[in-house]
Amino acid sequence: QCLYGCSWDIWDANGEDVTVNPVTLRAYGNLPRCPNCSQLARPNVLLFNDWRWQHTRSEAQERRLEGWLGDVLEKGGKIAVIEIGAGRAIPTVRLLSERVADAAAATLVRINPRDCVAPMRGVCASIPLGSLDALTRIAALL
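Counting from 830, one number per residue, gives the positions in the sequence shown under our numbering.
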């Protein structure tokens, strides 16, 4: 989305190749631009104190998730919540995972090499590995 808010458009970033300095974590070179005003573009993610975040797509995704979960549970289906890499510093994803697992009486699988401790309720599995390693090992067991 446009960093300067010239419109509420969001667009696909496929083909963008942003180079980041691994020491300073600063992007440099040819940075993505808004197709409307040619100013710098920004990721369509919610940041702290972010009054310019374009939230329409995220809200639609949330409604689809809630609808899907409702349909699955209404039909007596079972789900597992697999959470990968969510930390404790900003617990938004962890809280969502726990809330969904509780509401659906689902198994929560928490994968995180440092913060994998799962809540003491429901059926939970804590896996202290990186995502690729954990998923590779799970796939080998299936």
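All residues carry an ideal CB built from backbone N, CA and C; glycine is no exception.
Close Cβ partners of N865 (< 6 Å) along its chain, the five nearest in sequence each way excluded = Hits under 6 Å: C835, S836.
What are the boundary residues of the alpha helix (DSSP H) that T885 is part of?
-> 885 to 903
Indicate the three-state DSSP secondary structure (helix, strand or coil) for A934 in the structure shown.
-> coil
Count the other C-beta atoms from every protein chain shown that fall within 10 angstroms of the C-beta of Q830, then say buried if there are 16 or more, exposed otherwise.
-> buried
Per the contact definition of three or more C-beta pairs closer than 8 Å, is the stretch 868 to 877 in contact with the stretch 892 to 909?
-> no
Reduced DSSP category for T965 - H, G, I as helix; E, B as strand; rest coil = helix
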